[in-house]
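Those protein sequence lines, which keep their order, are chains F and V.
Counting in the numbering used here, the first sequence runs from 46 upward without gaps.
Counting in the numbering used here, the second sequence runs from 64 upward without gaps.
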Amino acid sequence: MPRVAVVRFPGSNCDLDTLRAAEGVGADAYLVWHRDTDLRDADVVILPGGFSYGDYLRSGAIARFSPIMQAVQRHAAAGGPVLGICNGFQILCEADLLPGALLRNAGLSFVSKPVDVIVERPDTAFTCDYDSDCRLRLPVAHGDGRFVAAPDTLRMLEAEGRVVLRYVAATERSPFQPNPNGSANHIAGICNADGNVVGIMPHPERAADRLLGLTGGSGFFTSMVTLHQDS
Amino acid sequence: MTFRVHVRVMPREGLLDPQGQAVEHALSALGFEEAGAVRIGRAIELDVAAASRDEAETRARQMCDKLLANPVTEDYLLEVEED
C-alpha cells in the first residue's frame, strides 16, 4: 500500500478528511507538520484544503516557504506524485510547481456547493481510475478559485493536455452556471508537464464516502493505490 | 541607516478585478457617477536597515519578487524614503 503524507499547515482544515479518505482506500496515510523537513518515505504527498496562514498576503503565499515545502519540491522533482486540493492547489501555484495563480472568485462570494467537472486527464497518479471524459459531481468551497494564467501559458496548458478537470454543465439544459468562479477556460484543475503534480479546486475527500452523500471523489484516492500496485 | 519602504501592489492591467468593479458599482449607487476604472491593490510599508538607499531598494525589490507580489498576476511600485 502507498505511503501517503498529508501536510498540515497552520490553518489547514481539510487535513483530517483527506487523511480519512486515504485511509479509506487502504493507504498508509499520516500527517506531516509544516515545520517538518522529512516526508518519511512518502510515495504520495497531498497538500490539503484550508486557509494556511490565514490566507494572509495571498492564498498559499506564506505556506510555500514552510520548511516541509523543500521536501515536497524534491519529491516532485524526483517524479513523486503530489496532489494539491483547493488551498493546496493555491500553494502549488505560489511554489511554482504549477503555472498560473488563483484569484478572488469573479462573483466575490465564497462559493460552497457541488459542481460538475469532466476528467480530461485520466492518466495521472490521481485520476487513473477514471475513464476519459467521465463527469463527476464534487464539492467546491473557496473564495479564491479563479484560475488565471498568461495567454501563452493557457495555450500551452491546452495544447499539452494539462487540464485535468474542467467545470461543465450537468446537462445541456442545466440552468446553473457551470463555472463557479470565472476561471480561465473553465479550468478546475491542472497538472505539471510530467503529470506528477496535480492541483484541483474541488474537494474529492468530501465526496469519497457514501455517508457524505457523494462518492465521485473516491477515484482520486483509489488511483493512488492502483498506481502503486502497478509500479 | 534605516529606510522606510512603501510598496504598492496592484493587480496586473487587463486582469479582472472583481473587487474594483464592486466598489465602482457602490460609488455609482452613492451618486459618484464620475468614478470609473476602479482598481484595488495593496499597500505595504516596512523599515529596511541598509547602508544606502540603493541597497535598501535592491533588497526591497527582492522581497517583492520573492514574496510581497505575485509575478503572475501583480505589478508593484516601490518608494524608498530615508527615516
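No residue lacks a Cβ here, since even glycine has one placed at the ideal position from N, Cα and C.
Any chain F beta carbon closer than 8 Å to residue i
i: residue 125 of chain V; result: no
i: residue 85 of chain V; result: yes
i: residue 109 of chain V; result: no
i: residue 79 of chain V; result: yes
i: residue 140 of chain V; result: no
Top-ranked residue by Cα proximity to residue i, from the options
i: residue 126 of chain V; options: V:64, V:69 and V:85; result: V:69
i: residue 130 of chain V; options: F:68, F:86, F:173 and F:106; result: F:106
i: residue 109 of chain V; options: V:124, V:100, V:74 and V:88; result: V:124
i: residue 157 of chain F; options: F:247, F:49 and F:121; result: F:247
i: residue 175 of chain F; options: F:116, F:91, F:272 and F:223; result: F:272
i: residue 179 of chain F; options: F:163, F:186 and F:253; result: F:163
i: residue 124 of chain F; options: F:215, F:74, F:205 and F:90; result: F:90
i: residue 100 of chain F; options: F:227, F:56 and F:119; result: F:56
Helix, strand or coil at residue i according to DSSP, with G and I counted as helix
i: residue 70 of chain F; result: coil
i: residue 65 of chain V; result: strand
i: residue 57 of chain F; result: strand
i: residue 98 of chain F; result: helix
i: residue 171 of chain F; result: coil
i: residue 213 of chain F; result: coil
i: residue 73 of chain V; result: strand
i: residue 159 of chain F; result: strand
i: residue 253 of chain F; result: coil
i: residue 95 of chain V; result: coil
i: residue 236 of chain F; result: strand
i: residue 113 of chain F; result: helix
i: residue 196 of chain F; result: helix
i: residue 83 of chain F; result: coil
i: residue 137 of chain V; result: strand
i: residue 105 of chain V; result: strand
i: residue 81 of chain V; result: helix
i: residue 153 of chain F; result: coil
Proximity of residue i and residue j at Cβ, strictly below 8 Å
i: residue 225 of chain F; j: residue 212 of chain F; result: yes
i: residue 142 of chain F; j: residue 127 of chain F; result: yes
i: residue 137 of chain V; j: residue 64 of chain V; result: no
i: residue 104 of chain F; j: residue 150 of chain F; result: no
i: residue 94 of chain F; j: residue 130 of chain F; result: yes
i: residue 71 of chain V; j: residue 106 of chain V; result: yes
i: residue 65 of chain F; j: residue 77 of chain F; result: no
i: residue 108 of chain F; j: residue 82 of chain F; result: no
i: residue 145 of chain V; j: residue 116 of chain V; result: yes
Beta-carbon separation (whole angstroms), residue i vs residue j, contact threshold 8 Å
i: residue 134 of chain F; j: residue 97 of chain F; result: So it is not a contact: roughly 12 Å between Cβ atoms.
i: residue 208 of chain F; j: residue 183 of chain F; result: Residue 208 of chain F to residue 183 of chain F, Cβ: 15 Å. No contact.
i: residue 236 of chain F; j: residue 166 of chain F; result: 6 Å
i: residue 72 of chain F; j: residue 192 of chain F; result: At roughly 28 Å, the Cβ-Cβ gap does not stay under 8 Å, so residue 72 of chain F and residue 192 of chain F are not in contact.
i: residue 47 of chain F; j: residue 270 of chain F; result: 6 Å
i: residue 241 of chain F; j: residue 50 of chain F; result: Their Cβ separation, rounded to whole angstroms, is 15 Å, which puts residue 241 of chain F and residue 50 of chain F out of contact at 8 Å.
i: residue 86 of chain V; j: residue 145 of chain F; result: Actually they are not in contact, since the Cβ atoms of residue 86 of chain V and residue 145 of chain F sit about 25 Å apart, beyond 8 Å.
i: residue 244 of chain F; j: residue 138 of chain F; result: 7 Å
i: residue 234 of chain F; j: residue 199 of chain F; result: Actually they are not in contact, since the Cβ atoms of residue 234 of chain F and residue 199 of chain F sit about 14 Å apart, beyond 8 Å.
Any chain V beta carbon closer than 8 Å to residue i
i: residue 145 of chain F; result: yes
i: residue 103 of chain F; result: yes
i: residue 193 of chain F; result: yes
i: residue 233 of chain F; result: no
i: residue 149 of chain F; result: yes
i: residue 244 of chain F; result: no
i: residue 227 of chain F; result: yes
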